[in-house]
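J.:
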Amino acid sequence: MQLESPLILASGILDENGYTMRRILEEGAAAVVTKSIGSTERPGFTPPVVAELGENLLNAIGLSNPGIEHFADEISIAKGIRKPVIGSIFGASAEEFSTLASKMESYGADAIELNLSCPHVKGFGSEVGSDPDLVEEIVTEVKAKVSVPVFAKLTPNVTDIVKIAKAAEKADALVLINTVKAIHIDIYARRPTLSNAYGGLSGPAIKPIGVRAVYDVYRETSKEIIGCGGISNFEDVIEYMMAGARAVEVGTALKTAGRAIFDNIKTDIIRFMEAEGLDGIQEIIGAGVKR
Amino acid sequence: MQLESPLILASGILDENGYTMRRILEEGAAAVVTKSIGSTERPGFTPPVVAELGENLLNAIGLSNPGIEHFADEISIAKGIRKPVIGSIFGASAEEFSTLASKMESYGADAIELNLSCPHVKGFGSEVGSDPDLVEEIVTEVKAKVSVPVFAKLTPNVTDIVKIAKAAEKADALVLINTVKAIHIDIYARRPTLSNAYGGLSGPAIKPIGVRAVYDVYRETSKEIIGCGGISNFEDVIEYMMAGARAVEVGTALKTAGRAIFDNIKTDIIRFMEAEGLDGIQEIIGAGVKR
Amino acid sequence: MIHADIIRKEKLSPTVSTLYFHWDADVKPGQFVMVWAPGTGEIPMSLSHIGKEKAFTVKNYGPTSDMLIKLEPGQKVYFRGPYGRPFSVVKGKTLLIGGGSGMASLHPLINRNAFGLIAARTREEILFMNEFESGKVRVTTDDGSFGIKGNVLAGLKDLDVDAFDMIYACGPEIMLYNLYKYLKEKKVNAELSLERLMKCGVGVCDSCSINGFQLCRDGPTFTMDQLQYMNEFGTEKLTFSGTRVNVH
Amino acid sequence: MIHADIIRKEKLSPTVSTLYFHWDADVKPGQFVMVWAPGTGEIPMSLSHIGKEKAFTVKNYGPTSDMLIKLEPGQKVYFRGPYGRPFSVVKGKTLLIGGGSGMASLHPLINRNAFGLIAARTREEILFMNEFESGKVRVTTDDGSFGIKGNVLAGLKDLDVDAFDMIYACGPEIMLYNLYKYLKEKKVNAELSLERLMKCGVGVCDSCSINGFQLCRDGPTFTMDQLQYMNEFGTEKLTFSGTRVNVH
Ligand SMILES: Cc1cc2nc3c(=O)[nH]c(=O)nc-3n(C[C@H](O)[C@H](O)[C@H](O)COP(=O)(O)OP(=O)(O)OC[C@H]3O[C@@H](n4cnc5c(N)ncnc54)[C@H](O)[C@@H]3O)c2cc1C
Ligand SMILES: Cc1cc2nc3c(=O)[nH]c(=O)nc-3n(C[C@H](O)[C@H](O)[C@H](O)COP(=O)(O)OP(=O)(O)OC[C@H]3O[C@@H](n4cnc5c(N)ncnc54)[C@H](O)[C@@H]3O)c2cc1C
Ligand SMILES: Cc1cc2nc3c(=O)[nH]c(=O)nc-3n(C[C@H](O)[C@H](O)[C@H](O)COP(=O)(O)O)c2cc1C
Ligand SMILES: Cc1cc2nc3c(=O)[nH]c(=O)nc-3n(C[C@H](O)[C@H](O)[C@H](O)COP(=O)(O)O)c2cc1C
Ligand code: FES
Ligand code: FES
Chain R
1 MQLESPLILA SGILDENGYT MRRILEEGAA AVVTKSIGST ERPGFTPPVV
51 AELGENLLNA IGLSNPGIEH FADEISIAKG IRKPVIGSIF GASAEEFSTL
101 ASKMESYGAD AIELNLSCPH VKGFGSEVGS DPDLVEEIVT EVKAKVSVPV
151 FAKLTPNVTD IVKIAKAAEK ADALVLINTV KAIHIDIYAR RPTLSNAYGG
201 LSGPAIKPIG VRAVYDVYRE TSKEIIGCGG ISNFEDVIEY MMAGARAVEV
251 GTALKTAGRA IFDNIKTDII RFMEAEGLDG IQEIIGAGVK R
Chain A
1001 MQLESPLILA SGILDENGYT MRRILEEGAA AVVTKSIGST ERPGFTPPVV
1051 AELGENLLNA IGLSNPGIEH FADEISIAKG IRKPVIGSIF GASAEEFSTL
1101 ASKMESYGAD AIELNLSCPH VKGFGSEVGS DPDLVEEIVT EVKAKVSVPV
1151 FAKLTPNVTD IVKIAKAAEK ADALVLINTV KAIHIDIYAR RPTLSNAYGG
1201 LSGPAIKPIG VRAVYDVYRE TSKEIIGCGG ISNFEDVIEY MMAGARAVEV
1251 GTALKTAGRA IFDNIKTDII RFMEAEGLDG IQEIIGAGVK R
Chain X
2001 MIHADIIRKE KLSPTVSTLY FHWDADVKPG QFVMVWAPGT GEIPMSLSHI
2051 GKEKAFTVKN YGPTSDMLIK LEPGQKVYFR GPYGRPFSVV KGKTLLIGGG
2101 SGMASLHPLI NRNAFGLIAA RTREEILFMN EFESGKVRVT TDDGSFGIKG
2151 NVLAGLKDLD VDAFDMIYAC GPEIMLYNLY KYLKEKKVNA ELSLERLMKC
2201 GVGVCDSCSI NGFQLCRDGP TFTMDQLQYM NEFGTEKLTF SGTRVNVH
Chain H
3001 MIHADIIRKE KLSPTVSTLY FHWDADVKPG QFVMVWAPGT GEIPMSLSHI
3051 GKEKAFTVKN YGPTSDMLIK LEPGQKVYFR GPYGRPFSVV KGKTLLIGGG
3101 SGMASLHPLI NRNAFGLIAA RTREEILFMN EFESGKVRVT TDDGSFGIKG
3151 NVLAGLKDLD VDAFDMIYAC GPEIMLYNLY KYLKEKKVNA ELSLERLMKC
3201 GVGVCDSCSI NGFQLCRDGP TFTMDQLQYM NEFGTEKLTF SGTRVNVH
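Heads up: the sequence lines are chains R, A, X and H, in that order.
Here the first sequence is numbered in the numbering used here, starting from 1 and rising by one per residue.
Here the second sequence is numbered in the numbering used here, starting from 1001 and rising by one per residue.
Here the third sequence is numbered in the numbering used here, starting from 2001 and rising by one per residue.
Here the fourth sequence is numbered in the numbering used here, starting from 3001 and rising by one per residue.
1) Cβ of A165/R less than 9 Å from any chain A Cβ?
2) In whole angstroms, give me the CA-to-CA distance for K2962/H and S3017/H.
3) Compile a chain-ordered list of the residues in the region 2198-2211 of chain X whose CB is closer than 9 Å to at least one CB of chain D.
4) Helix, strand or coil, according to DSSP, for P3073/H in the structure here?
5) Alpha helix (DSSP H) containing Y3182/H: first to last residue?
6) Going by the CB atoms, is the gap between G1200/A and V1214/A shorter than 9 Å?
7) Thinking N56/R and A205/R are a contact (beta carbons under 8 Å), I'd like their distance in whole angstroms, please.
8) Taking Cβ positions only, does A1051/A come closer than 9 Å to chain H?
9) Does DSSP put A1112/A in a helix, in a strand, or in coil?
10) Would you give the residue range spanned by the beta strand (DSSP E) that N1264/A belongs to?
11) If the cut-off is 7 Å on Cβ atoms, which residues from the region 3062-3076 of chain H count as contacting chain A, listed in chain order?
12) Please confirm whether any heavy atom of ligand 5 lies closer than 8 Å to the CB of Q2214/X.
13) Report yes if the CB atom of I2126/X is closer than 9 Å to the CB atom of H2248/X, and no otherwise.
14) Using a beta-carbon distance cut-off of less than 7 Å, what residues from the region 168-200 of chain R approach chain X?
15) Return the first residue and the last residue of the beta strand (DSSP E) that E3125/H is part of.
16) Relative to chain A, which residues along the region 28-59 of chain R have a C-beta separation below 7 Å, given in chain order?
17) Identify each residue in the region 1203-1220 of chain A for which the Cβ-Cβ distance to at least one residue of chain R is less than 7 Å, and report them in chain order.
18) Less than 6 Å between C-beta atoms, sequence neighbours within five positions excluded: which residues of the same chain meet that for R2138/X?
19) State the beta-bridge partners of K3149/H as determined by DSSP.
20) Measuring alpha carbon to alpha carbon, tell me which residue in D1216/A, F1124/A and A1078/A is nearest G1108/A.
21) For E1113/A, does the count of other Cβ atoms within 10 angstroms reach 16, so buried, or fall short, so exposed?
22) Is L14/R near ligand 5, with its Cβ less than 8 Å from a heavy atom?
23) The alpha helix (DSSP H) that contains M241/R, what's its start and end?
24) Does ligand 1 have a heavy atom nearer than 8 Å to the CB of K2093/X?
25) Output yes or no for whether 9 Å exceeds the beta carbon distance between A2055/X and L2047/X.
26) Kindly list the residues whose CB is nearer than 7 Å to the CB of T2297/X, restricted to its own chain and excluding five residues on each side of it in sequence; keep chain order.
27) Starting from T3057/H, follow the alpha helix (DSSP H) in both directions and report where the run begins and ends.
28) For N2151/X, collect the residues of the same chain with a Cβ closer than 8 Å to its Cβ; drop the 5 residues on either side in sequence, then sort them by chain order.
29) Pull up the distance between the alpha-carbon of L58/R and that of G2203/X, whole angstroms please.
30) When the Cα of V1250/A is compared with those of L1014/A, E1137/A, E1004/A and A1197/A, which residue comes out closest?
31) According to DSSP, is P208/R part of a helix, a strand, or is it coil?
32) What is the rounded straight-line gap between the Cα of Y2061/X and the Cα of P2172/X?
33) Anything in chain R within Cβ reach of T2243/X, meaning under 7 Å, just list it in chain order.
34) Report yes if the C-beta of K3250/H is less than 8 Å from at least one heavy atom of ligand 6; otherwise report no.
35) Where does Y2083/X sit, in a helix, a strand or coil, going by DSSP?
36) Could you spell out where the beta strand (DSSP E) holding M2166/X opens and where it closes?
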């Protein structure tokens, strides 16, 4: 998969509607990851599904999605512009994941991202993704089923992310990290703000946690890494790349900076490369890691 | 242990020197926890040992401490004012912990806090504190050895904090949470900012993670809980208490707000209690938890 | 979440009430808040009053609006915002076209230069009619129980829309879409405030998007120019789960 | 971390150099930064120049200062700050008393109303002597190789300290402590800038504290009044590991 820049739209942010994905690609993202799609339609949780915590966000959308059977249209609308669309999927078993993956591939997705990391829905996401054996099984089966690249998106809500990364070794790349499990309580209403109580924390707060995960996995494995978590400016992108990421995904920052963020960061990265005398951005991958 | 307010100084912040602890008590803290003390003198890591990330902090002090044999003086200086001083200790085995605990008790510490959670030193802290069997052994032995209350301070860097909390069941209270393992890379110097590379993230960024830990453990156990992580104003204190904490520890906020933070928060809590018609602050403990 | 005590409640119709509260914020006409009924849900609400005293005017529609409408003075409302791109305020003659509770978001624009066209299903549901200067308001009802029988277009028939410096409209998407098609032929300045499902309110969840524009951030108000490139407008939208369906 | 290119380097003595760089920040006399030599260490440094062009004046002392002093124009310095409570600036006659590299923090206070008393171990280590107006500076050296032989107190003997509106001092703790005891007897305004181990610079690690006051936050400058309640001053301090030891 060729990318014109390292900047990818993260799963779950502005990627449920094909037209939105297409616009984000037109306005500067190198690729988009779709919202995570499951086998059947799910309404997700009742609002409040997000809580604004300053620049950060707590969310429990609840994996709402139309079901894989209804998603073909969105992919083809998004693919109206010739840039990669990565299909994110979630399931409870290796079998479910591989069925979803082939459907996504048949719709034209340029790669598959396995959501092994959503922290707020029972039976899915990080519950699956914190079991190394299950992770290995899922990655192995999906790889056997599809020919497009397969990315495994991992959760930071584990004791040892390197262990999970090694279990996902057969994936073409690892996406690090998904949101961090968290809660916000409204002290006047005396209850959690999110209807689901538990949510996933994203935004600048989790950047040092994401950089740590990338750094750890880069040191301990030879996998390609896509960084994610709290990226909101070019410095964050460079930091993730210096920790070992080849590309990055951007999500919550769209709340503050809007869709223009991709173009703006791209401009700033070019300026940084000139100032630092870099010929290609690849030169910096892993440059900040002490070995 | 009686506290005049729920506000305790967290371990590792302004609590290496007895005179500082004493001043913090004089200026409004209900109790202080000492810096974590080990069996022998440790210089800790070479600076940079902290990185300022906005209002948050990344630190890898490296458990620098004079060794338990040299700490008696600091405790007695701190105890010049009649408020509780809680001795924090770290070790690698149950035996080491219990020796340290009895020494602390003999110095006059009013309670012992077991650091099972420092995320950046090999062989100590969270490496110990993510093994439920070892946690259980340590807590059991220390409880058998001392008669003052014993608090177990746990790490959020685990897949399931409730499991560790249950392993620490014999403790009189659980302190949740210590810092979150993280990294910051300086993109111009192209290396991690901290000399140790890895550090612990503290400050507002981790509050939703701490509240989640308290909420989880409150729902699943009947242990007393002391909340910690990212508290910088009265709302944060109330939020932790509504999640299930009886008291809280404050650390990084002293960077921004200074020592006056304890008195300021106390005033605001009283105002909140009046506005909300509360007779005692205990009324709100766990009030925000959905059962 | 922001919280405020309700200071007054006004029942405007059997199904519509206005809840007043103090909130020291700079809100512009057309902006909205996400209002939370703890334990029930969170929904977008336009601010119908934007002075020092703020208010929203809520129609009893489903579980959350039902809960909100039951609140009494002294109780708290919880909300976050303000969100959205406001209407552009112009000097000169304005035409306000409101369908149903869509009148709520137009209310701050009512002044002596404004002419109102209020579309309601039945007489009881007519909102804010008396706030226009006398002779400067026209009403249509679907059942003919008041004013002109018919929909908004019936009310526009003999109105010289060119004579207004700006037309503002808010209401159900189908009404707005028909209005859009009607106005497109004329040379007029118009801004339409759209309504779609909104889960986040802050431009991340994609539930409110039309052709890649987020209603909660790029809208809810759009100009005629912007609308002409939106083929989803009036035709397709996504449901709560994200399934693509026809608008009607 | 802030980073800046070194634009000039001036060697002031065999062991002391000043490194100049551009940094657009409002820094007051007596404030300091934490300077990072990547891969080596991070240490507190006063800003000796606080105009549009900033600089610090570093004495080769151990690994980190050694690394810094080797930097050349075009290379980068990394630092964070400014930190600390500045000297109070007064109108009127001032006396600046500097021991060793302590002169660095006093440098921004040199002006035509300032009288300097510079204490050095030997002739080569005298800093900034020529920046005072002629006749307005006095030097002591431990070895007598220049000026008065002896320590700071020898230099003060026949000076009428009451005649100054403010006395500023910076240097090793023992020097400051002796100075403090001397000045305590007189009726003078004085601010002493203390030096202690600093790990964090932001008031959390406790390595720089004196009697509960953080040098990095409440100091490094303290008034005579503040110092009188500090029984650790000049007597005890904590080492890098936190072990209590005597100051000398
Ligand atoms: C910008 C804007 C401004 C508005 N201003 C006003 C106003 O001023 N006054 C007014 O009366 N109305 C206004 N509305 C309309 C108002 O938001 C809706 O009437 C309201 O959402 C109805 O919510 P409800 O819960 O009462 O009814 P329902 O329609 O029953 O519920 C709708 C809500 O429930 C949730 N939901 C729907 N389906 C599901 C499902 N399957 N599972 C779980 N949850 C689900 C959704 O969050 C949705 O918001 C506005 C809308 C928008 C977009
Ligand atoms: C507010 C303030 C302002 C100052 N301003 C100036 C100035 O303008 N110019 C100037 O020349 N000096 C100044 N100093 C003094 C300067 O900071 C010291 O000379 C400097 O810390 C020496 O550092 P070094 O690494 O070169 O030498 P060393 O003394 O060898 O190292 C000291 C540093 O090394 C670390 N260290 C010490 N022991 C250990 C150990 N056991 N393990 C690991 N690390 C250890 C500590 O971080 C300590 O900061 C100032 C000091 C303060 C407090
Ligand atoms: C509203 C919202 C919805 C999300 N939905 C998904 C999802 O469906 N699948 C997924 O893998 N990650 C999802 N995420 C996680 C993001 O893709 C991303 O990993 C995380 O937010 C961290 O990046 P950020 O800080 O840039 O947002 C969601 C995040 C947010 C904020
Ligand atoms: C500089 C620093 C040093 C710390 N040292 C210790 C320590 O020695 N022992 C310990 O248990 N926790 C230590 N901590 C963790 C704090 O006690 C606290 O758990 C954490 O910082 C979260 O709270 P906060 O966000 O209020 O700082 C340290 C934290 C900081 C910032
Ligand atoms: S409501 Fe979520 S993007 Fe608009
Ligand atoms: S240097 Fe850490 S408290 Fe002052």
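A virtual CB, placed ideally from N, CA and C, is assigned to each residue, including glycine.
Quantities reported herein were computed from a predicted structural model and do not represent experimental measurements.
T.: By the coordinates alone:
1) Taking a beta-carbon distance threshold of 9 Å, A165/R does not count as an interface residue toward chain A.
2) Because chain H is modelled from 3001 through 3248, residue 2962/H falls outside the range shown and cannot be assessed.
3) Any reference to chain D falls outside this structure, whose protein chains are R, A, X and H.
4) For P3073/H, the three-state secondary structure derived from DSSP is coil.
5) Here the alpha helix (DSSP H) through Y3182/H covers E3173 to K3184.
6) Taking 9 Å as the Cβ cut-off, V1214/A and G1200/A do not qualify as a contacting pair.
7) Right, the Cβ-Cβ distance comes to about 5 Å (below 8 Å), so this counts as a contact.
8) Yes, contact with chain H.
9) The question names Ala, yet the displayed sequence has Ile at residue 1112/A. I1112/A falls in the strand class under three-state DSSP.
10) Run containing N1264/A: none in the beta strand (DSSP E); it sits in the alpha helix (DSSP H), I1261 to A1275.
11) From the region 3062-3076 of chain H, only K3076 have a Cβ closer than 7 Å to chain A.
12) Result yes, Cβ under 8 Å from ligand 5.
13) It is not a contact, given that the beta carbons lie outside the stated cut-off.
14) So the list reads D186, Y188, A189, R191 and T193, given in the order they occur along the chain.
15) No beta strand (DSSP E) holds E3125/H; DSSP gives it neither H nor E.
16) Listed in chain order, the positions of the region 28-59 of chain R with a beta carbon within less than 7 Å of a beta carbon of chain A are L53 and L58.
17) For the region 1203-1220 of chain A, the beta-carbon criterion of a distance under 7 Å to any beta-carbon of chain R is satisfied by A1205, P1208, I1209, V1211, R1212 and Y1215.
18) Around R2138/X: L2117 and G2155.
19) When beta bridges are read from the DSSP output, K3149/H appears opposite T3141/H.
20) Looking only at D1216/A, F1124/A and A1078/A, the smallest Cα-Cα distance to G1108/A is reached by A1078/A.
21) E1113/A should be labelled buried.
22) Correct: L14/R has its Cβ closer than 8 Å to ligand 5.
23) Taken as a continuous stretch (DSSP letters only), the alpha helix (DSSP H) holding M241/R covers F234 to M242.
24) In this structure, K2093/X has its CB at a distance of at least 8 Å from all heavy atoms of ligand 1.
25) The criterion of a C-beta distance shorter than 9 Å is satisfied by A2055/X and L2047/X.
26) Any answer about residue 2297/X is impossible in this case: the structure gives chain X only from 2001 up to 2248.
27) Premise fails: T3057/H lies in the beta strand (DSSP E), E3053 to K3059, not in any alpha helix (DSSP H).
28) Cβ within range, chain order: A2119, T2140, D2142, M2175 and N2178.
29) Using only the alpha carbons, I get a separation of about 14 Å.
30) Of all alpha-carbon atoms in L1014/A, E1137/A, E1004/A and A1197/A, the one lying nearest the alpha-carbon of V1250/A is that of L1014/A.
31) P208/R falls in the helix class under three-state DSSP.
32) Straight-line Cα distance between these residues: approximately 13 Å.
33) The contacting residues are E41, P66 and H70.
34) Residue 3250/H is absent from the structure shown; chain H starts at 3001 and stops at 3248.
35) Strand.
36) Boundaries of the beta strand (DSSP E) harbouring M2166/X: M2166 to C2170, taken from the DSSP string.
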